[in-house]
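So the structure is just underneath, and the comments pick up after that.
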Amino acid sequence: NSKVIQTPRYLVKGQGQKAKMRCIPEKGHPVVFWYQQNKNNEFKFLINFQNQEVLQQIDMTEKRFSAECPSNSPCSLEIQSSEAGDSALYLCASSLRRVSNERLFFGHGTKLSVL
Amino acid sequence: GQQVQQSPTSLVLQEGENAELQCNFSTSLNSMQWFYQRPGGSLVSVFYNPSGTKQSGRLTSTTVIKERRSSLHISSSQITDSGTYLCAMGRDTGGLSGKLTFGEGTQVTVIS
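Chain order of the listed sequences is A and B.
Every position in the first sequence, counted from 1, becomes a number in our numbering once 580 is added.
Every position in the second sequence, counted from 1, becomes a number in our numbering once 415 is added.
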């Protein structure tokens, strides 16, 4: 069973509000990923880290989203000014290595609803 | 266009029936993975880095990376197999990152 912990489980925000979610990766996993899954089951990779260093991120993440993985603290993903289109399930995953053939462990996700 | 194509989109099985889910990739890839997701639940890794044929319980994956395809076979389906099965591909570049590109999944419903 995965021990990736995501909080909160549900998040409801108005348009323009900040939305912040957190993730504690599996113990000993230095690589952390954030994915967005929309209501059509479409996954979008947002950003990933190795320890505190950003490995890769998409344009959207650079502009409206901010994310960090400080040492000895949960990782976080924050949307500065929420839009209706941001409503989705945000999934955090962790792994041992920064390669695509490594096993990923996912949390339960944070379901964001932007009204 | 969609880099990862899964078929069928959905499937209804009578308990005990077998099923085969397909995953095709439109670009070259280094690796792929299969995941299972319950409604409202987290993703669980089913097979990671499979090549050739791999079996785990009643699930069997057959992957040919060079041909850009993979299939997942469910044998003797049970009601608890209901959920969404997702495949994902990886194309690690020089810098490496582990990023995966997911398909849209096959929704499986097993009825008694």
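Don't be surprised by glycine CBs; every beta carbon is placed ideally from N, CA and C.
The structure displayed is predicted, hence computed values, not measured ones.
- Distance from B/GLY520 to B/GLY513 at the Cβ level is roughly 20 Å; contact not present, criterion being Cβ atoms closer than 8 Å.
- Note: B/ILE489 is bridge-paired with B/ALA434 and B/LEU474 in the DSSP secondary-structure output.
- Closer than 9 Å to the CB of B/LEU511 there is at least one CB belonging to chain A.
- Contacts between A/PHE625 and chain B, judged by CB atoms closer than 8 Å, involve LYS514, LEU515 and THR516 in chain order.
- For the stretch 482 to 494 of chain B, the beta-carbon criterion of a distance under 9 Å to any beta-carbon of chain A is satisfied by none of its residues.
- Within the stretch 421 to 436 of chain B, no residue has a Cβ lying closer than 9 Å to any Cβ of chain A.
- Excluding residues up to 5 positions away in sequence, LEU626, ILE627, LEU657, GLU658, ILE659 and GLN660 lie with their Cβ nearer than 8 Å to the Cβ of A/PHE645 in the same chain.
- At a cut-off of 9 Å between beta-carbon atoms, A/HIS688 makes contact with chain B.
- Going by C-alpha positions, A/GLY608 is about 27 Å away from B/TYR500.
- Taking 9 Å as the cut-off, the beta carbon of B/GLU435 is found no closer than this to the beta carbon of B/GLN493.
- At a cut-off of 9 Å, the C-beta of A/LEU684 has a neighbouring C-beta in chain B.
- The alpha-carbon of B/ASN464 is positioned some 8 Å away from that of A/ARG683.
- Listed in chain order, the non-local C-beta contacts of A/GLN637 below 6 Å within the same chain comprise ILE627, local neighbours out to five positions each way being set aside.
- Two segments are said to touch when three or more pairs of C-beta atoms, one from each, lie closer than 8 Å; by this definition the stretch 442 to 453 of chain B does not touch the stretch 420 to 430 of chain B.
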